[in-house]
Amino acid sequence: MDIKNNFLYVVVFICGAMVMILELVAARIIAPFVGTSSYVWTSLIGVILGSMSFGYWLGGKLSDKNPKQSTLAIIIFSAAFCIGITTFINLFVMQSVVSYINDMRVAAILSTLFLFAIPSILLGMVSPYAVKLSMVDVEKSGSIVGNLYALSTVGSIVGTFLAGFVLIPCLGSERILLLITIILILTSSILYLKTNYKINTILIIILIPMIMLPTPSTLIFAEANIIDANTEYSRIWIYPTKHNNKDIKIMQIGNEYSSGMNINDDELAFEYTKYYRLAEHFSPNFRKALMIGGAAYSYPKYYIKKYQDAMLDVVEIDPQVTELARKYFNLKDDPRLRIFHEDGRIFLNNTKNKYDVIYGDAFRAKSVPYHLTTKEATEKMYNALTDNGVAIINLISPIEGAKGKFLRSELATYKSIFPQVYLFLVEDVNNGLMNQNIMLVALKTNDVKEFNSEDDELNSFLKHLYKKEITNDVPILTDDFSPVEYYTMENN
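The C-terminal position of the sequence shown is numbered 491 in numbering that gives the first Met the number 0, with every residue numbered one higher than the one before it.
Take a look at the structure:
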């Protein structure tokens, strides 16, 4: 095998790796605007696969006309150029798309098309073109094609693990786009200039340091006082804003508020978190509680301060979220606060602890971890409670109408396990069609409870009990069938 064919193998490996890194980074680019639901991933994967398929066809057609190594170099450079442009325009494109398109599925498809279709087409052209350039012996054509596509696939596998385990947690999304751009420019340069080592060395010396330059979003976010963080699980924005005429700091995970805190006082920033006080009414002597979902740790901080004789375990899947809470949301270590960095469902599956209260704050309006919604998960929660225990789960949904299917299915699921389940509507108890925070309260005991309290604030919460009859028209959610993303997409 000659040097030319050897390097073509390297080229298809590199391009295979770059296309997978691009796809995974694309999810981080669009997540703050359209979320990370299965609909978003379906749109992203579908568009990129479709673009690459067109690239395979186009690359094959082009290679039949006049196959030259310099043409392949131009194709790769063009992909690098498009990705470089994406680095600078992604914020503008995403803001424009979501300002005109309300359906997140359509917005995800269009934004992926605008930002990533052309570079995916160009990278898809590389393998068939490399096959043509390598084809010197028809008798060995099968092994040549097999070897090149195998290397391209191996490159994609390497790119997947490299992006997921190293690049995304360590670098920002736009900096990774810059890295892809630089690698593809150097690859095309070596292809085009071949053995001109002097010029290629100069390019390496010039381009590699560019990875450390400020990216466009870095400059924009710095001016707007926005912290942009990539973790193993999410892209997170932290920024100041106003809520109920108060200065607050928000942690946004994906495209939705996750939690926040008042900047000038210790009061809970969001009304729904105050409803966790219902534990005092339904399990008044609680001493040990579990919270699934930490984020900015607003309620855990409140809990530790308010309940001096009680302990709290918090399950937060993302350890980097906890570090951000320590850095920007005044989370402090406390012997009564234990933090577990694992998936909430896995924790429930394995825990031997018994809790008086389980708080749920892992659901957002458009992003619901379905494996925490099912009958099997609810059984694990039931088993983790003491005999007089209570679960208080924050949901965001209407109750009535087509848009309330998720809430009604979750209610039916809890009712299949717990003897008593109640709903408290945070904003407007008389409006079952309104999309709002709803606190689902599930009691393990059969003891009849009263719905009034001598505590004025608790009494005001208890008055938000939803008393209307709720239609039982949706199935119980199970690990086998839990269409929560379909239901929540209908809601939005």
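From the three backbone atoms N, C-alpha and C, an ideal C-beta is built for every residue, glycine too. If you're wondering where the values come from, they're calculated on a predicted model, not measured in any experiment.
Cβ pair residue i, residue j closer than 7 Å
i	j	result
M260	F328	yes
M209	S119	no
P31	N254	yes
K245	P239	no
V320	M290	no
G171	N224	no
N89	I28	yes
H370	R344	yes
V11	L147	yes
I44	G158	no
V125	S110	no
T200	R174	no
M176	I82	The residue you asked about is not Met; residue 176 is Leu in the sequence shown. Closer than 7 Å, so yes.
L132	P66	yes
Among the options, the one whose alpha carbon lies nearest that of residue i
i	options	result
E449	V313, L212 and E279	E279
L185	I75, K248, E173 and S126	I75
N243	Y298, L406, A268 and K331	A268
L277	T385, H340, D102 and F423	F423
Q251	Y485, L323 and Y358	L323
V92	D342, L114 and I73	L114
G400	E468, D63, T350 and E341	E468
M103	G34, D227, K304 and G145	G34
D63	M134, S110 and F80	M134
I47	G59, F12, I237 and L112	L112
Y271	I100, Y298 and I235	Y298
L461	L439, F480 and K443	L439
G431	T412, A294, I44 and L464	L464
F494	E231, L218, P368 and Y232	Because the chain here runs from 0 to 491, residue 494 falls outside it and cannot be looked at.
T429	L410, R325 and K466	The amino acid at residue 429 is misidentified as Thr; the sequence shows Asn. Measuring from the Cα of N429, the nearest candidate turns out to be K466.
I398	N382, Y421, A376 and G388	Y421
D479	A376, N349 and V157	A376
E484	N393, V367 and A411	V367
F80	S37, S110, V105 and S188	S188
D454	P283, S95 and V97	P283
F281	A25, A441 and Y99	A441
R234	F6, V447 and A25	A25
T412	L132, P482, P66 and L166	P482
F285	I205, L311 and S98	L311
D333	Y99, W40, K139 and Y301	Y301
F494	A72, Y296, Q94 and I84	The requested residue 494 is not part of the displayed model; the chain covers only 0 to 491.
V105	F160, V39 and L61	V39
I338	P318, L212 and I392	P318
Sequence-distant residues of the same chain with beta carbon closer than 6 Å to residue i, five excluded per side
i	result
L23	A162
T477	T373 and K374
P418	N445
Y8	L150
L121	I74, S77 and A78
S408	V473 and L476
S155	G15 and M19
Contact set for residue i: own chain, Cβ-Cβ below 7 Å, skip 5 residues either direction
i	result
N458	N451 and S452
M380	L347, I357 and A390
I108	S42 and V46
S396	G403, F405, L406, N434, I437 and N490
I182	I13 and M17
D386	K443 and T444
M0	The predicted model places M0 with a pLDDT of 45, which falls under 50 and marks its position as unreliable, so this point remains unresolved.
D227	G171, S216, F220 and W236
Neighbourhood of residue i by C-beta distance below 8 Å, restricted to the same chain and skipping five residues each side
i	result
E378	I416
N263	K245 and D246
A294	M250, I252, S257, S258, E315, V320, A324 and D360
L394	F362, F405, L406, E409, N436, I437, M438 and L439
Integer Cβ distance of residue i from residue j, believed to fall under 8 Å
i	j	result
F405	T487	5 Å
L384	K353	7 Å
K331	A309	Actually they do not touch by this definition, with Cβ atoms about 17 Å apart.
V153	I143	Contact flag wrong, Cβ pair sits at about 16 Å.
G59	P127	4 Å
V425	Y274	6 Å
G388	D355	5 Å
D342	I316	5 Å
G145	F53	The pair is not a contact, with the Cβ atoms about 23 Å apart (cut-off 8 Å).
Y495	S69	With the chain covering 0 to 491 only, the question about residue 495 has no answer from this structure.
Contact with chain D by residue i, beta-carbon distance below 7 Å
i	result
L122	Reference to chain D is not applicable here, since this structure consists of a single protein chain.
I'd like the ranges of any beta strand (DSSP E) spanning at least 3 consecutive residues and lying wholly in the region 292-377. 310-314, 336-339 and 354-359
Which runs of the alpha helix (DSSP H) fall wholly inside the region 436-487 and span at least 4 residues, in chain order? 455-461
Could you name each continuous alpha helix (DSSP H) segment of 4 residues or more that falls completely within the region 127-209, going from the start of the chain to the end? 140-161, 172-192 and 196-206
Going along the chain, which unbroken runs of the alpha helix (DSSP H) with 4 or more residues stay wholly within the region 58-134? 68-99, 103-123 and 125-133
As an exercise, report each continuous alpha helix (DSSP H) stretch of at least 4 residues that is fully enclosed by the region 204-255, in chain order. 215-223
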